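Structure, as structure tokens:
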């Protein structure tokens, strides 16, 4: 999945407001889109469907200003230190599909990582393995 596909879904959702999830499901089943959908968006939406679209639609939240990048959440461990000792705590990273960091610093909580991604316009496509 790429950013063009995500933004095509975002445009579709903003254009059709309430009930857009049912409408996109019907469009995917019939391979017929409303006339106001551009040919480029139709192709991108079909590609998105072929790459696991229904699961993406279930969690998708449209944004007025669109998305800038596609990222994944990855669970990791981060070191903490004080004067006497060091220890590890659970941390959440926002990474690319290849696993490289998109955002520094890492987040302590999953919700914190999601909020950071939302502020930066990053669509979280799932959990990175």
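Residue numbers (my numbering): 2 to 130. The beta carbon of each residue, even a glycine, is placed where N, CA and C say it ideally should be. Source: prediction; values computed, not measured.
For residue 31, the uninterrupted alpha helix (DSSP H) segment begins and ends at 21-31.
Residue 98 places its beta carbon less than 9 Å from that of residue 73.
Annotation note: the stretch 39-110 contains the following uninterrupted alpha helix (DSSP H) runs of length 4 or greater, listed N- to C-terminal: 40-51 and 54-60. In its chain, beyond the 5 residues on either side, 24 have a beta carbon closer than 7 Å to the beta carbon of residue 17. Straight across, the Cα-Cα distance linking residue 10 with residue 46 is about 6 Å.
Under the DSSP assignment, residue 126 falls in the beta strand (DSSP E) whose first and last residues are 123-128.
By the Cβ rule, the stretch 55-68 counts as touching the stretch 107-124, because three or more pairs are nearer than 8 Å.
Straight through space, the alpha carbons of residue 40 and residue 33 are spaced by roughly 11 Å.
Taking 9 Å as the cut-off, the beta carbon of residue 14 is found closer than this to the beta carbon of residue 63. For residue 14, the uninterrupted alpha helix (DSSP H) run begins and ends at 4-17, by DSSP.
Put simply, of 26, 38, 86 and 60 the residue whose alpha carbon is nearest the alpha carbon of residue 50 is 26. Using a Cβ distance threshold of 9 Å, residue 89 and residue 103 do not count as a contacting pair.
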